[in-house]
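Worksheet: one structure, shown below.
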Amino acid sequence: FVAAICLKWKVPGRMYFARVTVPALHHDVLELVGQALQLSAVKTIHVMTDMWTSC
């Protein structure tokens, strides 16, 4: 769809996302969560996770 609008634009490959976009997003989220925790009135947080697989 975008190629029809802008012929010079090329869809980035998966390695671009793996090496550039996802690490940058991870860094940004880490910074925002860290800032939110520092500004929070609570001093303790609890994190719970649930992981399961099906065969």
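Numbered according to UniProt numbering, the sequence shown spans residues 1 to 55. Note that CB positions come from ideal geometry on N, CA and C, so glycine has one too.
**Request:** Note down the Cα distance separating T49 from A4, rounded to an integer number of angstroms.
**Result:** By 1-based counting over the sequence shown, the position of residue 49 is 49. By 1-based counting over the sequence shown, the position of residue 4 is 4. T49 and A4 have their C-alpha atoms spaced approximately 43 Å apart.
**Asked** What's the gap between the Cα of L30 and the Cα of V42?
**Response** The residue labelled residue 30 in the question sits at position 30 within the sequence shown. The residue labelled residue 42 in the question sits at position 42 within the sequence shown. Looking at the backbone, the Cα of L30 and that of V42 are separated by about 18 Å.
**Limits of the alpha helix (DSSP H) - the one that G13 falls within** = Position 13 of the sequence shown, counted from the start, is the residue given in the question as residue 13. No residue range can be given for G13, since it is assigned to no alpha helix (DSSP H) and is classified by DSSP as neither H nor E.
**Three-way DSSP call (helix, strand, coil) for T44 in this model** = For the purposes of this step, residue 44 is taken as residue 44 along the sequence shown, with counting starting at 1. Coil.
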